[in-house]
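Novice: Following this message is one structure expressed as structure tokens.
Protein chains: 2
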Amino acid sequence: MEIRIVLVEPSHPGNIGAAARAMKTMDLASLHLVNPLRFPDPQADWRAAGALDVVASAQVHASLNDAIGDCAFVAGTSVRDRHIPWTVKDVADFAQDVASMPEAAKPLAILFGRENNGLANDELAQCNVHVRIPSSSIYGSLNLAMAVQLVAYELFKARGQVQVRSAWDRAHATNAEVVAMYDHLDRMLHKIGFFDPGAPRTAFTRLQRMFSRIELDETEVQILRGVFTHVEQRLKS
Amino acid sequence: MEIRIVLVEPSHPGNIGAAARAMKTMDLASLHLVNPLRFPDPQADWRAAGALDVVASAQVHASLNDAIGDCAFVAGTSVRDRHIPWTVKDVADFAQDVASMPEAAKPLAILFGRENNGLANDELAQCNVHVRIPSSSIYGSLNLAMAVQLVAYELFKARGQVQVRSAWDRAHATNAEVVAMYDHLDRMLHKIGFFDPGAPRTAFTRLQRMFSRIELDETEVQILRGVFTHVEQRLKS
Chain A
1 MEIRIVLVEP SHPGNIGAAA RAMKTMDLAS LHLVNPLRFP DPQADWRAAG
51 ALDVVASAQV HASLNDAIGD CAFVAGTSVR DRHIPWTVKD VADFAQDVAS
101 MPEAAKPLAI LFGRENNGLA NDELAQCNVH VRIPSSSIYG SLNLAMAVQL
151 VAYELFKARG QVQVRSAWDR AHATNAEVVA MYDHLDRMLH KIGFFDPGAP
201 RTAFTRLQRM FSRIELDETE VQILRGVFTH VEQRLKS
Chain B
238 MEIRIVLVEP SHPGNIGAAA RAMKTMDLAS LHLVNPLRFP DPQADWRAAG
288 ALDVVASAQV HASLNDAIGD CAFVAGTSVR DRHIPWTVKD VADFAQDVAS
338 MPEAAKPLAI LFGRENNGLA NDELAQCNVH VRIPSSSIYG SLNLAMAVQL
388 VAYELFKARG QVQVRSAWDR AHATNAEVVA MYDHLDRMLH KIGFFDPGAP
438 RTAFTRLQRM FSRIELDETE VQILRGVFTH VEQRLKS
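Quick note, the sequences are listed as chains A and B, same order. Each residue of the first sequence is one higher than the one before, starting from 1 at the first, in the numbering used here. Each residue of the second sequence is one higher than the one before, starting from 238 at the first, in the numbering used here.
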């Protein structure tokens, strides 16, 4: 399904380029512009960085209806509350809805309003849903391209294309390996006189608690034991 | 708890202003800059829009360690995979962790790297966790301020659903204390001959990675340094 990002009357070409880059970083490619003040423009290209293809393939329309006429679903982004309450969804919930739409569906349009005034009431009235981006109650004025970035990010996350957790490069140490390391540490600490009479024995417990939080891997246990062995060897010589 | 956004050597002042605006829309206010190429600059003010106060109160540092020395927890943002995998968290999961930290904790720093090169390996090695922002496998190159916006947004969302973790019995060590401990460890390892010629230097990086996962408290750092000191004293006698 095509997800179409529609910028309604953007004033600053830099925002068009930045929106294109924001889209491409989240695997969106369809950019439509309704009456942009300046486009094409070198500022748009500069801010697009590696997303020049998205800028180059952007389609310009003379009216909003031209831009969304073939769309089966239209969402309007908004930070302000409106007179007439609409179906309002948080962007994360909206993204979940979109991810579950059939692949073969007609295009979905997401509208972003003017830098200063957002979307007009008659534009919002054409939307199936109003999408709200959570933001500060003190200063909630998101830059246009930032709003595109956040919506694109939530859509990307919802599509489940995310692979985040990097595999660890070593196996976890077994409990037996860790216990043996503790014994070694204890011996070494005695040899260097760390446990002088009167010194609080709780220090060793604290060291154990500290290591227990790490989920040590095999190599780390070997390195630690290598350090202890080196200390012991130097003491003998 | 102060959440400190640290931009490391940003090249474009426009990105500084845009990052400030991104922060303010998500109720963040503490902006720190390490060696910005141009700052202050009219471009930063222009892109900040209603967040001029965040730009005006930004603190400039000559080194990363100056910027994070008093921080108890340091997170580094990264899109690339590194040679030695670190603890990596998805930004949404990281935001949940942050929301549950005790209110009275020392500052938390979130590092954002250079526009072209991100964070250097030695900078990433100072982090407790690497935060990854999900993005396209084809073109994942987020603009710097966009990355700040996404992290700030997730932090804002997570603050909505908070359960604060029980306080630890000791204060977290600051970054400066941990760095000094690393220096001490390095000296001690040299003295005991751990770094024989031909031995892989990666062992030290692995030790750093290991300690970075613990979120060391002050007492633990003192105990570790006590151990190192004892080793050094025994070598002399």
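Glycine is no exception: its CB is placed at the ideal position from the N, C-alpha and C atoms.
Is the distance from the Cβ of B:Val388 to the Cβ of B:Val368 below 8 Å?
Specialist: On the second sequence, residue 388 of chain B is found 151 positions in, with the first residue counted as 1. On the second sequence, residue 368 of chain B is found 131 positions in, with the first residue counted as 1. Closer than 8 Å, so yes.
Novice: Nearest-angstrom Cα distance between A:Glu232 and A:Phe194?
Specialist: Walking along the first sequence from the start, residue 232 of chain A turns up at place 232. Walking along the first sequence from the start, residue 194 of chain A turns up at place 194. C-alpha separation (whole angstroms): 13 Å.
Novice: If you count every other CB in all the chains shown that lies within 10 Å of the CB of B:Asp454, and 16 or more means buried, which is it?
Specialist: Looking up residue 454 of chain B in the second sequence gives position 217. Counting Cβ neighbours within 10 Å, B:Asp454 comes out buried, since at least 16 surround it.
Novice: For B:Pro371, decide whether its Cβ has a neighbour in chain A, counting only Cβ atoms nearer than 8 Å.
Specialist: In the second sequence, counting from the first residue as 1, residue 371 of chain B sits at position 134. So yes, B:Pro371 belongs to the interface.
Novice: Can you pull the chain B neighbours of A:His230, defined as C-beta to C-beta under 7 Å?
Specialist: Translated into positions along the first sequence, residue 230 of chain A becomes position 230. Correct list: Ile429, Gly430, Phe431.
Novice: Please report the Cβ distance between A:Leu111 and A:Val148, rounded to the nearest whole angstrom; I am assuming they are in contact, meaning their Cβ atoms lie under 8 Å.
Specialist: Counting from one through the first sequence, the residue named residue 111 of chain A turns up at place 111. Counting from one through the first sequence, the residue named residue 148 of chain A turns up at place 148. No, A:Leu111 and A:Val148 are not in contact; Cβ-Cβ is about 11 Å, not under 8 Å.
Novice: What residue does the alpha helix (DSSP H) around A:Asp122 start on, and which one ends it?
Specialist: As a position in the first sequence, residue 122 of chain A is number 122, starting the count at 1. 121-124 is the span of the alpha helix (DSSP H), which, as asked, contains A:Asp122.
Novice: Taking just the CA atoms, how far does A:Arg47 sit from A:Arg21?
Specialist: Counting from one through the first sequence, the residue named residue 21 of chain A turns up at place 21. Counting from one through the first sequence, the residue named residue 47 of chain A turns up at place 47. About 8 Å.
Novice: Who are the Cβ neighbours of B:Asp307 in its own chain at under 8 Å, not counting the five residues just before and after it?
Specialist: Residue mapping note: residue 307 of chain B aligns to position 70 of the second sequence, counting from 1. If we look at B:Asp307 and ignore the five residues flanking it on each side, its Cβ neighbours are Lys343, Pro344, Thr411, Asn412, Ala413.
Novice: By the 10 Å Cβ neighbour count, where 16 or more other Cβ atoms means buried, how is B:Val401 classified, buried or exposed?
Specialist: To locate residue 401 of chain B, count along the second sequence from 1; it is residue 164. Caution applies to B:Val401, whose pLDDT of 47 falls short of 50 and renders its modelled position unreliable; the value that the coordinates give is listed next. That one is exposed.
Novice: Do B:Leu472 and A:Arg234 have their C-beta atoms within less than 8 Å of each other?
Specialist: Translated into positions along the second sequence, residue 472 of chain B becomes position 235. Translated into positions along the first sequence, residue 234 of chain A becomes position 234. Result yes, Cβ atoms of B:Leu472 and A:Arg234 sit closer than 8 Å.
Novice: Got a sec: is the Cβ-Cβ distance from B:Thr442 to anything in chain A below 8 Å?
Specialist: Position 205 of the second sequence holds residue 442 of chain B. No, no contact with chain A.
Novice: Could you give the uninterrupted runs of the beta strand (DSSP E) lying entirely in the stretch 300-334 of chain B, keeping only those of 3 residues or more?
Specialist: For the stretch 300-334 of chain B, whole beta strand (DSSP E) runs of length 3 or above, ordered along the chain, are 310-315, 325-327.
Novice: Excluding the 5 residues preceding and the 5 following B:Leu289 in the sequence, name in chain order all residues of the same chain whose CB lies nearer than 7 Å to its CB.
Specialist: Position 52 of the second sequence, counting from 1, holds the residue named residue 289 of chain B. Asp282.
Novice: State the Cα-Cα distance for the pair A:Val54 and A:Gln126, rounded to the nearest angstrom.
Specialist: Here residue 54 of chain A corresponds to residue number 54 of the first sequence, with the count starting at 1. Here residue 126 of chain A corresponds to residue number 126 of the first sequence, with the count starting at 1. Cα to Cα, A:Val54 sits roughly 26 Å from A:Gln126.
Novice: Look at the Cβ atom of B:Leu301, then the Cβ atom of B:Glu360, and state whether they are nearer than 8 Å.
Specialist: By 1-based counting over the second sequence, the position of residue 301 of chain B is 64. By 1-based counting over the second sequence, the position of residue 360 of chain B is 123. Result yes, Cβ atoms of B:Leu301 and B:Glu360 sit closer than 8 Å.
Novice: For A:Gly118, which three-state DSSP category applies?
Specialist: As a first step, residue 118 of chain A is located in the first sequence; it is residue number 118 there, counting from the start. If DSSP states are grouped into helix, strand and coil, A:Gly118 belongs with the strands.
Novice: Excluding the five sequence neighbours on either side, which residues of its own chain have a C-beta within less than 6 Å of the C-beta of A:Trp86, listed in chain order?
Specialist: Along the first sequence, one-based indexing puts residue 86 of chain A at 86. Cβ neighbours of A:Trp86 beyond the five flanking positions: His130.
Novice: Have a look at A:Leu142 and B:Thr262 and give me their C-alpha separation to the nearest angstrom.
Specialist: Position 142 of the first sequence, counting from 1, holds the residue named residue 142 of chain A. Position 25 of the second sequence, counting from 1, holds the residue named residue 262 of chain B. If I take the Cα positions, the gap works out to 6 Å.
Novice: Around the Cβ of A:Ala67, are there at least 16 other Cβ atoms within 10 angstroms (buried) or fewer (exposed)?
Specialist: In the first sequence, residue 67 of chain A corresponds to position 67, counting from 1. It counts as buried.
Novice: With A:Arg132 as the anchor, note down where its beta strand (DSSP E) starts and where it stops.
Specialist: Numbered from its first residue, the first sequence carries residue 132 of chain A at position 132. Per DSSP, A:Arg132 belongs to the beta strand (DSSP E) from 129-132.
Novice: Which residues in chain A sit within 7 Å of B:Ile460, going by Cβ to Cβ distance?
Specialist: Position 223 of the second sequence, counted from the first residue, corresponds to residue 460 of chain B. Those are Ala203, Arg206, Leu207, listed as they occur along chain A.
Novice: Taking Cβ positions only, does A:Lys157 come closer than 8 Å to chain B?
Specialist: Taking the first sequence and counting its residues from 1, the one referred to as residue 157 of chain A is at position 157. Cβ-Cβ to chain B under 8 Å: yes for A:Lys157.
Novice: Keeping to the same chain, check which residues put their C-beta closer than 7 Å to that of B:Pro371; ignore five residues upstream and five downstream.
Specialist: Translated into the one-based positions of the second sequence, residue 371 of chain B becomes position 134. Counting only Cβ-Cβ distances below 7 Å, and skipping sequence neighbours, we find Asp327.
Novice: List in chain order: all unbroken beta strand (DSSP E) runs of 3+ residues lying wholly within the stretch 153-233 of chain A.
Specialist: Entirely contained in the stretch 153-233 of chain A, not one beta strand (DSSP E) run reaches 3 residues.
Novice: Buried or exposed for A:Arg201, please, with buried defined as at least 16 other CB atoms from any protein chain shown within 10 angstroms of its CB.
Specialist: Along the first sequence, one-based indexing puts residue 201 of chain A at 201. Label assigned to A:Arg201: exposed.
Novice: Does the beta-carbon of B:Ser294 have 16 or more other beta-carbons within 10 angstroms, so that it is buried, or is it exposed?
Specialist: On the second sequence, position 57 is the one that residue 294 of chain B refers to. It counts as exposed.
Novice: To which residues does DSSP link B:Ala346 through a beta bridge?
Specialist: Locating residue 346 of chain B in the second sequence gives position 109, where the first residue counts as 1. Paired residues: B:Arg241, B:Val311.
Novice: Using a Cβ-Cβ distance under 8 Å, would B:Asp264 count as near chain A?
Specialist: Walking along the second sequence from the start, residue 264 of chain B turns up at place 27. B:Asp264 counts as touching chain A.
Novice: Apart from the five residues on each side of it in sequence, which residues of its chain come closer than 7 Å, Cβ to Cβ, to A:Arg225?
Specialist: In the first sequence, residue 225 of chain A corresponds to position 225, counting from 1. Same-chain partners within the cutoff: Met181, His184.
Novice: Show which residues of chain A have a CB atom less than 7 Å away from the CB atom of B:Ser378.
Specialist: Counted from its first residue, the second sequence places residue 378 of chain B at position 141. Per Cβ cutoff of 7 Å: Thr25, Ala49, Gly50.
Novice: Whole angstroms are fine: how far does the CA of A:Val88 sit from the CA of B:Asn252?
Specialist: Position 15 of the second sequence holds residue 252 of chain B. Position 88 of the first sequence holds residue 88 of chain A. Looking at the two C-alpha atoms, the distance is approximately 32 Å.
Novice: Please state if the CB of A:Ser78 and the CB of A:Gly140 are separated by a distance shorter than 8 Å.
Specialist: Counting from 1 along the first sequence, the entry for residue 140 of chain A is found at position 140. Counting from 1 along the first sequence, the entry for residue 78 of chain A is found at position 78. Not in contact: A:Gly140 and A:Ser78 (Cβ atoms no closer than 8 Å).
Novice: Just verifying my parser: in three-state terms, what is the DSSP assignment at A:Leu31?
Specialist: As a position in the first sequence, residue 31 of chain A is number 31, starting the count at 1. Looking at A:Leu31 - three-state DSSP - the assignment turns out to be strand.
Novice: May I have the straight-line CA-CA distance separating A:Ala29 from B:Pro247, to the nearest angstrom?
Specialist: To locate residue 29 of chain A, count along the first sequence from 1; it is residue 29. To locate residue 247 of chain B, count along the second sequence from 1; it is residue 10. Cα-Cα distance, rounded: 28 Å.
Novice: Going by the DSSP bridge assignment, what does B:Gln296 pair with across the sheet?
Specialist: The count along the second sequence starts at 1 and reaches residue 296 of chain B at position 59. Partner(s): B:His269.
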